[in-house]
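Structure record follows, encoded as structure tokens.
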Amino acid sequence: MPIRTLPITHDTIYLRQLSLTTTIGPGDVWSRAGKSTPVQLSVQLRLQPHFLATPASSDDLGETISYGVLAKQLTGAIAAQKEGFSTLKHFAEFVREQAAALARGRNAEIDVEAVLGEGLLLADAVGVLMGADTSKEGVLFVDGLRIACVVGVNPHERLQKQWVVINLTLWEIPGELWVQYPVAIKKVVDAVETSEYLTIESLATEIARILCVECGVGKITVAVEKPSALTFAKGSGVQITRERAFFG
């Protein structure tokens with residue numbers, strides 16, 4: 002899939018993949034409530050242009066925002082939440098609040114990405130992206146959802162199932178879906194497993210329809226890749242973005 006990034010045009014201080022453990026609803030990889038799960042947390046403070054010129058000139062840590070202090074403060078604040086967090090969105094909002102408190106008076110825009118490597122049984126990861134721009138309400142993403150299905154136009158592709166790898170990015174998400182996303186993803190899995198499309202374009206569109214029409218997502222990006230389609234390519238696929246209005 003295309004790399005998921007946020008535009009960086011400001012001076013920036015960031016943490017990348019800070020490893021933590023906490024409790025986030027709906028639960029662990031089996032959706033068991035109250036079970037701790039590992040989290041990879043990335044935080045980006047987008048500052049004003051040339052903000053870092055002053056500490057660069059003075060070589061004085063006191064004139065910048067220490068990433069060490071940021072990491073320590075976030076780790077401590079998250080650990081202090083003994084009841085955990087109700088959803089990924091709740092977790093991201095909490096992290097943004099903590100980072101904003103440290104950056105107070107610096108006019109910083111704060112982006113948060115939290116990734117659960119053990120969040121969904123058939124996927125590599127599920128996570129949230131929350132930024133100061135279009136993702137301020139929280140974007141849910143699913144990476145590396147692997148499902149076997151019959152898909153392809155070639156005769157040999159009609160004989161047995163092959164793996165497809167699906168990546169999803171969901172915007173404008175109903176509140177309940179932050180808790181029930183495993184149910185929504187199971188709908189996708191069940192539909193893909195029994196599908197027999199000739200093209201991955203059709204498969205990607207059906208996935209988008211399920212999540213938009215049946216699950217209430219306002220906007221979605223779906224990437225579908227076939228790792229076995231071409232002998233000398235690691236993968237080949239398509240990516241589409243659809244809004245719920247597209248489906249009538």
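Heads up, the numbering used here is the position in the sequence shown plus 1, with the first residue counted as 1.
For each residue, glycine too, the CB sits at the ideal point set by N, CA and C.
| Asked | Found |
| --- | --- |
| Identity of the residue in A133, I201, E194 nearest N155 by Cα | I201 |
| Supposed close pair L75, Q99 - CB separation, criterion 8 Å | 6 Å |
| Cα-Cα separation between P27 and G153, rounded to whole angstroms | 35 Å |
| Rounded separation between S67 and Q82 - CA only | 23 Å |
| Beta-carbon separation (whole angstroms), K90 vs V129, contact threshold 8 Å | 6 Å |
| Beta bridge counterpart(s) of I148 as assigned by DSSP | V165 |
| For R47, the nearest candidate out of L21, R243, T13 (CA to CA) | T13 |
| Contact under 8 Å by Cβ, L146 with L171 | no |
| Separation of T222 from A230, as counted between CA atoms | 22 Å |
| Counted within 10 angstroms of its Cβ, other Cβ atoms place F52 as buried (16 or more) or exposed | buried |
| First and last residue of the uninterrupted beta strand (DSSP E) at L117 | 110-117 |
| Residue from V113, G139, V143 with nearest C-alpha to A124 | V143 |
| Range of the contiguous alpha helix (DSSP H) that encloses A81 | 68-81 |
| Simplified DSSP assignment, three categories, for E244 | strand |
| Proximity winner among V190, Y198, V189, K188, relative to Q161 (alpha-carbon distances) | Y198 |
| Buried versus exposed, by CB contacts within 10 Å (16 or more), E215 | exposed |
| Inter-residue Cα distance where the pair is G238 and E226 | 4 Å |
| Residues that DSSP places opposite L48 in a beta bridge | L48 pairs with nothing; no bridge assigned. |
| Distance cut-off 7 Å: P50 Cβ against heavy atoms of the ligand MG | Looking at this structure, you won't find the ligand MG or any other ligand, since it has none at all. |
| Three-state secondary structure assigned by DSSP to W179 | helix |
| Of the listed residues S43, A34, T55, N168, nearest to A72 (C-alpha basis) | S43 |
| Whole-angstrom distance between A133 and K104, CA atom to CA atom | Note on identity: in this sequence residue 104 is Ala, with Lys being the wrong assignment. Using only the alpha carbons, I get a separation of about 14 Å. |
| Selected residue, minimal CA-CA separation from F248, among E177, V96, F95, E207 | E207 |
| Separation of K220 from E114, as counted between CA atoms | 19 Å |
| Close-in-space but distant-in-sequence residues of the same chain around I167 (CB under 6 Å, 5 per side omitted) | L146, V225 |
| Beta-carbon proximity list for R210, same chain, < 7 Å, skipping 5 on both sides | F248 |
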